[in-house]
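Residue numbers (the working numbering): 40 to 296.
To start, the structure under review is shown below, and the notes come after it.
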Amino acid sequence: MLKRIDVITLFPEMFDAIKVGITGRAIRNGLIELGLTNPRDFTSDKHKTVDDRPYGGGPGMLMKVEPLKDAILSVKKNSSGIQSKEIQSKDKQTKVVYLSPQGQPLTQNIVKELSNNEQLILLAGRYEGVDERLIEHYVDYECSIGDYVLSGGELPAMVLIDSLIRLIPGALGHNESASSDSFYAGLLDHPHYTRPEDFEGEWVPQVLLSGNHKKIDQWRLKQSLGRTWQRRPDLLADREMSEQEQQLLQAFIQEQD
Numbered sequence: 040m041l042k043r044i045d046v047i048t049l050f051p052e053m054f055d056a057i058k059v060g061i062t063g064r065a066i067r068n069g070l071i072e073l074g075l076t077n078p079r080d081f082t083s084d085k086h087k088t089v090d091d092r093p094y095g096g097g098p099g100m101l102m103k104v105e106p107l108k109d110a111i112l113s114v115k116k117n118s119s120g121i122q123s124k125e126i127q128s129k130d131k132q133t134k135v136v137y138l139s140p141q142g143q144p145l146t147q148n149i150v151k152e153l154s155n156n157e158q159l160i161l162l163a164g165r166y167e168g169v170d171e172r173l174i175e176h177y178v179d180y181e182c183s184i185g186d187y188v189l190s191g192g193e194l195p196a197m198v199l200i201d202s203l204i205r206l207i208p209g210a211l212g213h214n215e216s217a218s219s220d221s222f223y224a225g226l227l228d229h230p231h232y233t234r235p236e237d238f239e240g241e242w243v244p245q246v247l248l249s250g251n252h253k254k255i256d257q258w259r260l261k262q263s264l265g266r267t268w269q270r271r272p273d274l275l276a277d278r279e280m281s282e283q284e285q286q287l288l289q290a291f292i293q294e295q296d
């Protein structure tokens, strides 16, 4: 189970946003430790240089390999209590995740897989990226939050942190909250309603007021299947649906005609 997340970033102050709400409460309650490391602290020149021009020319700058490598190894050393300088670049206990446009698209399944590690080190890149040799030798996994351009990896890192913390037992107010989220079971979430029952002539579906939990669960599954069919049919393409799910989806489709 995940116990600690460390972020290597040039802008640790950005992560104040993580210290509020659900994620902040989880950190304050000791459910997860969050560490922030600035690679500028591992430079040797007076200007604390962490970037340089790319070989071969071209626009932009690249993050240098040495400060990032030293930051990663320092985090591993301090968190494991190992005094020796001989720390493996990659090990089984701690995974290094580079938030990168070239990475695998982040999904709930990937979040669940990453949460099985005791510690994660998230590398938030800047500029045009990082030296490829760092990725080859010190990064275990590359992940992307979408096909668009951001100024750095800090926001993607916060997205991943939020998703990871939601899976920690005790982080949410209700034990079943995470399991009912969209994508947790490979489907989009069903519609939700609260008071008042009548809003501008739109009434809450009567089944939700019936008190019949079996029918409510069936309605919610039907709506999840239908919403996924409408908005994300790609999620259904690889899903092996049960006979009940197939019947519920067909009923939903027929209702749309």
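Note that beta-carbon positions come from the ideal geometry of N, C-alpha and C, so glycine has one too.
Taking the continuous alpha helix (DSSP H) assigned at residue i, which residues delimit it?
i	result
aspartate 45	No alpha helix (DSSP H) holds aspartate 45; the beta strand (DSSP E) holding it covers 43-47.
threonine 82	Premise fails: threonine 82 is in no alpha helix (DSSP H) and is neither H nor E.
alanine 290	282-294
histidine 231	Careful: histidine 231 lies outside any alpha helix (DSSP H) and carries neither H nor E.
isoleucine 57	Where isoleucine 57 is concerned, there is no enclosing alpha helix (DSSP H), given that its DSSP letter is neither H nor E.
threonine 267	252-270
Are there 16 or more other CB atoms within 10 angstroms of the CB of residue i, so buried, or fewer, so exposed?
i	result
aspartate 45	buried
tyrosine 232	exposed
phenylalanine 238	exposed
serine 202	buried
alanine 110	buried
isoleucine 292	exposed
lysine 253	exposed
serine 123	Since pLDDT at serine 123 reaches only 41, below the 50 mark, its modelled position is unreliable, and the value read off the structure follows with that caveat. Serine 123 should be labelled exposed.
tryptophan 242	exposed
glutamine 269	exposed
glutamine 158	buried
What is the residue span of the beta strand (DSSP E) that residue i lies within?
i	result
threonine 62	It is not in any beta strand (DSSP E) - threonine 62 instead sits in the alpha helix (DSSP H) that spans 60-67.
glycine 74	72-76
Which residues in the same chain as residue i place their Cβ atom closer than 7 angstroms to its Cβ, once the five residues preceding and following it in sequence are excluded?
i	result
alanine 210	Ile61, Ala65, Leu70, Ile204
alanine 163	Val46, Ile47, Thr48, Leu138, Gly191, Gly192, Glu193, Ala196
leucine 75	Val46, Thr48, Pro51, Phe54
arginine 278	Gly225
isoleucine 200	Ile44, Ile57, Thr62
arginine 259	His229
Who are the near neighbours of residue i in its chain, counting only those whose CB is closer than 8 angstroms to its CB and skipping five residues on each side?
i	result
arginine 271	Leu227
serine 154	Met40, Leu41, Leu203, Leu206, Ile207
If I measure Cβ to Cβ from residue i and keep anything under 6 angstroms in the same chain, skipping five residues before and after, which residues do I get?
i	result
valine 178	Val135, Tyr137
valine 114	Asp45, Thr76, Ile160
Just confirm the distance between the C-beta atoms of residue i and residue j, as a whole number of angstroms; I'd bet it's less than 8 angstroms.
i	j	result
proline 106	threonine 82	5 angstroms
aspartate 91	lysine 103	6 angstroms
Check your understanding: At which residue ranges does the segment 142-221 contain complete alpha helix (DSSP H) runs of 4 or more residues, listed in the order of the chain?
Key -> 147-153, 171-177, 193-205
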